[in-house]
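The sequence shown begins at 997 in my numbering and counts up by one.
Virtual Cβ for every residue (Gly too), placed ideally from N, Cα, C.
Here the structure is a predicted model, which means the values were calculated and not measured.
This report refers to the structure that appears directly beneath it.
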Amino acid sequence: MSIPITLIPGDGIGPAIMEATLRVLDAAGADLEFDRQLAGMTAVHERHTPLPDETLDSGRRTGVILKGPLTTPVGSGFRSINVALRKEFDLYANVRPAVTLMPGGRYEDIDLVLIRENTEGLYVGVEHYIGMEGDPKAAAESVMIITRFGAQRIVEYAFDYAVRNGRRKVTFAHKANILKYTQGLFLEVGHQVAERYAGQIEFEDMIIDATAMHLVMNPYRFDVLVMENMFGDILSDLMAGLVGGLGMAPGGNIGSDAAMFEPVHGSAPDIAGQGIANPTAQILAACMLLDHVGQPEVARRIRDALTGCLRDCAPELRTRDLGGHAGTAEFADAVIGRLA
Ligand code: NAD
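Okay, structure coming up:
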């Protein structure tokens, strides 16, 4: 029986890269049934709200969402719908693989995964100004929230991920030397969870700034990395930079009852409507979804076809961001043509 999926094509380049992705999924024989829903600016225009109830209801019903990028207006306007969706479905684990797809980058054969805590830390948004001596913004405070519950479930997720995917090591990055309470609690829980996997998965803890340096100097010393929200936000982009940038990077947001898969890049308003966007990250996000719903063989065939295109096709058959001339649809056709 086909697996029901909530489909949010998104804003800007979203609909075009999603259409390309759906054609690839169809050609590869993915057994999925899509329930199309709106969110973001498209939903504001059509339904006068950035996150309609129908979209949330569909997500609750299917428990699996394939999402394109959504535009978040800067300054005024609504808060990020991406963040709202993560909160609504308690998608606590952000899974960000960084895998070399195309030769000729800074490093060859990178294969890393960063697991970022997605709901706590400084990003809970508990912040305020403090007025003094007539200046209403004399100071500002943000509160970092770390709970034992939140720390435990993300570190457990990282170890379980490592076991499920045949990985050898988990690196726990932190700043417990300075933030002794918040990061200290996170680290304490990290060690407690790691003990349960001793002998099965190697474990190390490392201060976040040193982790950043080692990732750039010698990424091969890492395998799976786990960290709190803001550190993960920053280092996952650094890791995308090791394998060719955000245009090639997918992300999964996983909770106990729901999961959402998306490209890491945004809605690219500067090239929207021109048919030139690179659909790679959206296609890879769909592959993560296929793994999640138990169709890993279809995912493998799509990844092989995509990698084959990026490695072997004449450079002009790549999309423009990769130095070629191909449009979004043309690149999707090339991937479909290579499906084994
Ligand atoms: P962006 O990722 O949309 O674009 C940055 C640059 O990368 C642009 O030059 C763009 O043309 C290029 N680019 C991005 N994706 C591409 C692709 N697939 N193919 C070719 N080129 C690509 O970042 P931005 O301009 O800072 O943000 C635009 C909007 O996207 C903002 O509203 C932002 O809030 C939103 N955004 C959404 C998400 C998400 O939905 N998860 C993530 C990041 C940004």
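Query                                                                                                                                                                   : Result
Would VAL1239 and VAL1331 be called neighbours here (beta carbons separated by less than 8 Å)?                                                                          : no
Is ASP1317 close to the ligand NAD? I mean its beta-carbon at under 7 Å from any heavy atom of the ligand.                                                              : yes
Please state whether the Cβ-Cβ distance between PHE1199 and PHE1218 is less than 8 Å.                                                                                   : no
Looking only at its own chain, which residues have a Cβ that is under 8 Å from the Cβ of LYS1165, when we skip the five neighbours before and after it?                 : ALA1158, ILE1197, GLU1198, PHE1199, GLU1200, PHE1218, ASP1219 and VAL1220
I'd like to confirm the pairing. Which residues does DSSP put opposite GLU1137 in its beta bridges?                                                                     : HIS1124
In this structure, how does DSSP classify PHE1257 when only helix, strand and coil are distinguished?                                                                   : strand
Which residues does DSSP pair with ASN1090 in a beta bridge?                                                                                                            : ARG1112 and ASN1249
Tell me where the alpha helix (DSSP H) around MET1226 begins and ends.                                                                                                  : 1225–1238
Does the Cβ of THR1045 have 16 or more other Cβ atoms within 10 Å, making it buried, or fewer, making it exposed?                                                       : exposed
So is HIS1124 buried or exposed if we call it buried at 16+ other beta carbons inside 10 Å?                                                                             : exposed
With DSSP as the reference, please indicate the residues paired to PHE1030 in a beta bridge.                                                                            : ILE1001
For ASN1078, collect the residues of the same chain with a Cβ closer than 7 Å to its Cβ; drop the 5 residues on either side in sequence, then sort them by chain order. : LEU1066
Is ALA1273 near the ligand NAD, with its Cβ less than 7 Å from a heavy atom?                                                                                            : yes
Closer than 8 Å is the cut-off here; do at least three beta carbon pairs connect the segment 1001–1011 with the segment 1305–1319?                                      : no
Exposed or buried, what is GLY1186 when buried is set at 16 or more other beta-carbons lying within 10 Å of its beta-carbon?                                            : buried
Considering only C-alpha positions, which residue in the set LEU1047, PRO1099 and LEU1110 is nearest to LYS1083?                                                        : LEU1047
How about the segment 1023–1040 and the segment 1084–1091: do they share at least three Cβ pairs that are nearer than 8 Å?                                              : no
Who are the near neighbours of PRO1099 in its chain, counting only those whose CB is closer than 7 Å to its CB and skipping five residues on each side?                 : ARG1307
On the three-state DSSP scale, how would you describe GLU1129?                                                                                                          : coil
Pull up the distance between the alpha-carbon of VAL1289 and that of GLY1162, whole angstroms please.                                                                   : 19 Å
Would you please verify whether the beta carbon of ILE1272 is less than 8 Å from any beta carbon of chain D?                                                            : Structure shown: chain D not included; a single protein chain is present.
Quick one: grab the DSSP three-state call for ASP1201.                                                                                                                  : strand
Assign LEU1097 to one of three DSSP states: helix, strand, or coil.                                                                                                     : coil
DSSP three-state call for HIS1288: helix, strand or coil?                                                                                                               : helix
Please report the distance separating the alpha-carbon of MET1226 from that of LEU1062.                                                                                 : 24 Å
Return the Cβ separation of LEU1286 and PRO1292 in integer angstroms, given the expectation that the two are a contact with Cβ distance under 8 Å.                      : 7 Å
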